[in-house]
Amino acid sequence: LLSGIDRDEEIATIVRSLNERLQQPMKHRGRMVDCRASIGLAVFPDHANTAEKLTKCSDLALAVAKRARGCVETFCPSMAEEFERDTRMLAVAREAIANRRIVAHYQPKIDLSTGVLVGFEALARCSRLGFTPMLPEFFGPAFTDRELALAISRQMLSRVLDDIRGWVDRG
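Just so you know, the sequence shown maps onto residues 1 to 171 in the numbering used here.
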């Protein structure tokens, strides 16, 4: 928390100095440790007018900064919109997994020199009743959640193996 400072350039100077110091390797138990800190920044009253909202804004900026590791991000409203969208998509992915609606769509692989079918690529889709299947880019945030990514992978593998077994059984 920084108080009593005069806006953007002073904030930038303080954050730059802090970030430079946090980027310095440090010695721990005789070993040099690479320390990279991520900084999320929100400004009162520009981004929020209560401590609770300001904390949420800085947390969102910090989450964005952590993706790049060791950088500084200042809150902007699109971060909140992206967070809300990702939260909705995580809920969609959880519901799809629970209802076994992760399905495989197959894309043929053709040998371009012979034109012969040499295999298939299994593409993950999320089926939705009454709608076209949802493409991975729309439920992509689920792949950043280890637990959901594993569940999707298991469900896809199960579907693909079931499909292969069915194709073999049908000759």
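Even for Gly, the Cβ is constructed at its ideal location relative to N, Cα and C.
- For the segment 83-150, the full-length alpha helix (DSSP H) segments reaching 4 residues or more read 136-139 along the chain.
- Comparing C-alpha distances from Ile39 to each of Ile97, Ala96, Arg125 and Glu20 shows the shortest one belongs to Glu20.
- Residue environment analysis places Ala96 among the buried positions, since at least 16 neighbouring C-beta atoms fall within 10 angstroms of its C-beta.
- For Gly166, the three-state secondary structure derived from DSSP is helix.
- With a beta-carbon spacing of about 7 angstroms, Pro25 and Cys35 fall inside the 8 angstroms limit used to define contacts.
- Within the segment 17-81, the beta strand (DSSP E) runs of at least 3 residues that lie entirely inside it are, in chain order, 26-28, 31-33, 39-41 and 72-74.
- When C-beta atoms of the segment 146-159 are compared with those of the segment 99-110, three or more pairs fall below 8 angstroms, so the two segments count as touching.
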